[in-house]
Amino acid sequence: MIVVATFENHLFVELVISALREKGVPPHHLFAVPLDGRPEPPQLLDTIHRADGLSFLDLAAIFGTCFMLLGSIYGYVLTWGPIIWGVIGAVVGISFGLLLKWGLNRNTARRQTNRRAEIVLLIRCDETQWPMIERLLWNHHALGLAGIDDEKRARQ
5 MIVVATFENH LFVELVISAL REKGVPPHHL FAVPLDGRPE PPQLLDTIHR
55 ADGLSFLDLA AIFGTCFMLL GSIYGYVLTW GPIIWGVIGA VVGISFGLLL
105 KWGLNRNTAR RQTNRRAEIV LLIRCDETQW PMIERLLWNH HALGLAGIDD
155 EKRARQ
């Protein structure tokens with residue numbers, strides 16, 4: 005069986021490796037791989053070909069359209085008329101959409117930098133060792149954990 009666990013780059017990885025060796029897992033059955041971080045921050049303005057989910061313009065366009073429509077509709081009863089109120093609504097909507105998307109992206113970026121899986125730990129073990137290894141990994145603050153039964157795959 006192969007156990008795959010992810011950890012933050014922290015002292016807990018060293019502690020769990022020491023605990024696993026004390027429990028009888030040989031050192032050649034442990035493999036820790038540090039992951040490289042993203043070399044550059046993601047682009048804020050997307051193009052059609054580089055769509056990675058970060059864009060300021062989508063929410064701004066939606067709010068700009070909605071506010072422009074409302075400004076044009078209610079502009080018929082207001083003094084400046086529908087064209088001026090439509091332009092005012094578009095400017096207010098685009099500004100509101102940009103500010104809202106900026107705030108959402110800022111909070112998401114903070115959350116992503118706080119929790120990153122930076123080390124992957126691979127452990128080869130027997131089926132009987134799985135509950136003990138799973139408990140050790142969760143107790144040492146693993147971010148994620150998976151077990152793969154390699155013996156069944158080898159027989160197929």
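Just add 4 to wherever you are in the sequence shown, counting from 1, and you've got this note's numbering. Ideal placement from N, C-alpha and C gives every residue a C-beta, glycine not left out. Predicted, not measured: the structure shown is a model, and the values here were computed from it.
Three-way DSSP call (helix, strand, coil) for residue i in this model
i	result
P31	helix
F16	helix
F60	coil
V81	coil
L140	helix
G41	coil
I6	strand
A1	Nothing can be reported for residue 1, as the shown portion of the chain is limited to 5 through 160.
L126	strand
Euclidean distance between Cα positions of residue i and residue j
i	j	result
I123	E131	24 Å
I21	G68	54 Å
A9	G107	33 Å
R110	Q133	43 Å
N143	F16	9 Å
D40	N13	11 Å
Same chain only: Cβ atoms within 7 Å of residue i, ignoring 5 sequence neighbours per side
i	result
C129	M5, V7, V29, H33, I137
A146	A9, T10, F11
Own chain, CB closer than 6 Å to residue i, minus 5 neighbours either side, in chain order
i	result
F71	G93, V96, G97
G75	W89, G90, I92, G93
L19	H144
Close-in-space but distant-in-sequence residues of the same chain around residue i (CB under 8 Å, 5 per side omitted)
i	result
P135	none
Original post:
Any chance the stretch 62-73 sits against the stretch 88-106, with 3 or more Cβ pairs inside 8 Å?
Top reply: yes
**OP:** Indicate whether the contact test is met: 3 or more Cβ pairs, each with one atom in the stretch 32-42 and one in the stretch 144-155, closer than 8 Å.
**Re:** no
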